[in-house]
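Working notes for the structure below.
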Amino acid sequence: MLNVMKHNSLKSVPITENPMNNHSDFETNATCANKLIEKGNWVEAYPYLKTAVKMDPNYAQGYNHLGIYYTRNKKYTEAIDNFKKALQVDFTLLEAHYNLASVYMLRKEYNAALSHFKEVVIAKPDDYETYCLMGLCCSYQDTIIDAESFFYESLRLKPDYIPSAINLSKLLIKNNDCATAKNTLLYVLKNNTSTPEVHYLLGIIYKIQKKYLKAMKHLRETLLIDKNNADAYNLLGECCIELDMDKQAETFFVMAAKLDISHLNAMHNLGKLYFNQKKYHDAICFMEKCIETYEVNHSINSILSETMHADEIAPLYNLLGHCYKITENPVRARAVWNKSLAILPEQQNIKDAMAELPQPSYKRNRVSLVIN
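Next up, the structure:
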């Protein structure tokens, strides 16, 4: 089966003549196209495919291959049109169902994708990979019960299939079923110890369960495989805080922030660490630099949008404001708190903190004139 997401090769068709010298018959064009596709030469195969389907409008595999060609070139409308033509000719052509579903997934049309993935698993009930993709479609639509069912079916067919185990575990963690998620991941880990995301999720689970040393073990394993995982560094720092290992925590938070300048949790964690240590000037220096970098890389409209983690940048402004208040810089405290309130206006605690600040001099020295 040749399709846009799997990479099994087609069987070659015997060539009885030189196709490059003869474009006149369907068999020659189809054979030449298949030969080129076997070699990965989709651009060269394209004109032969076009000629073949023109000569025989019932050439379903030709339309399927044209759909793949258009998908590879990100011409998804043309791809969908050709996959549909293939299915109009031969509705049992599983490759076309799978490929059409895959393109619908790319376009985030998940219901349409599910209907064609369903045709695949009806014909091939042991296709654990397709069940996993169906689970992903449901996850993206927040139909969690259906998503879990598809992931469970995928794992029933292949218990150590890593993508299904990872995606199912993420759903289970969100639903506070850490025990089932942990068992699922540990089973996968028996056969494959080099998957960073499995170790990372186990780190999250053990941290939730307050088993911080076990969490750190798996997070370190994550970083041995994926040294650029800023989230793992940040979680390691959070575990260190719980174990009163402030110095180590500082190192991990700094690493997370260096790897990802938009990692607001790491920035906030480090700023909070300095604040708790009463290193207010260190906290101010670090957070000002991080916020400046963040604001340079995002327009104010982006910062205020939901997609740019408004609920995460606001706590950073709030903490910075408290640092300025303690270091007797009410002007700067007011300025950063105003930024926070512009993002999340319903923060009564910040409004109360601002009310406690000394009034600006221009308001303190105002003279009222009373006219009788």
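With the sequence shown counted from 1, adding 50 to any position gets you this note's numbering.
Glycine residues also receive a C-beta, built at the ideal position from the N, C-alpha and C atoms.
| Query | Result |
| --- | --- |
| Going by C-alpha distance, which of A282, V381, K232, A215 is nearest Q259? | K232 |
| Taking DSSP as the reference, what is the three-state secondary structure of I130? | helix |
| Please state whether DSSP places S199 in a helix, a strand or coil. | helix |
| Cα separation between L183 and M266? | 31 angstroms |
| By a C-beta neighbour count over all protein chains shown, 10 Å radius and 16 as the cutoff for buried, is V346 buried or exposed? | exposed |
| Taking M105 as the reference, give the member of Q409, F76, P380, I130 with the closest Cα. | F76 |
| Is it right to say Q111 is buried, meaning 16 or more other beta carbons lie within 10 angstroms of its own, or is it exposed? | buried |
| Closer than 8 angstroms is the cut-off here; do at least three beta carbon pairs connect the region 263 to 282 with the region 239 to 250? | yes |
| Can you tell me where the alpha helix (DSSP H) with M184 in it begins and where it stops? | 178 to 190 |
| Whole angstroms is fine: what's the gap from G117's alpha carbon to I130's? | 7 angstroms |
| Does the structure place the region 305 to 312 close enough to the region 325 to 333 that three or more beta carbon pairs sit under 8 angstroms? | no |
| Identify every run of the alpha helix (DSSP H) within the region 81 to 134, keeping only runs that are complete inside it and at least 4 residues long; order them along the chain. | 92 to 105, 110 to 122 |
| Given this structure, state the Cα-to-Cα distance separating T301 from N319, to the nearest angstrom. | 11 angstroms |
| Go through the region 250 to 295 residue by residue and report every complete run of the alpha helix (DSSP H) that reaches 4 residues or more, in order. | 262 to 275, 280 to 292 |
| Can you tell which of K264, K322, V103 has its C-alpha closest to the C-alpha of C289? | K264 |
| Helix, strand or coil for P64, going by three-state DSSP, please let me know. | The predicted position of P64 is uncertain, since its pLDDT is 34 and thus under 50; a value taken from the coordinates is nonetheless stated next. If DSSP states are grouped into helix, strand and coil, P64 belongs with coil. |
| Rounded to a whole number of angstroms, what is the C-alpha to C-alpha distance between L286 and L309? | 14 angstroms |
| Determine whether the beta carbon atoms of S219 and L235 lie at a separation below 7 angstroms. | yes |
| In the structure shown, what three-state DSSP assignment does K329 receive? | coil |
| Quick one: residues in its chain with C-beta nearer than 6 angstroms to the C-beta of T180, no 5 flanking neighbours on either side, listed in chain order? | F167, V170, V171 |
| With DSSP as the reference, label T377 as helix, strand or coil. | coil |
| Once you ignore the five residues that flank C187 on each side, which residues in its own chain have a CB closer than 6 angstroms to its CB? | Y160, A163, L164 |
| Going by the CB atoms, is the gap between L144 and Y178 shorter than 7 angstroms? | no |
| Can you tell me whether N315 is buried or exposed, with buried defined as 16 or more other CB within 10 angstroms of its CB? | buried |
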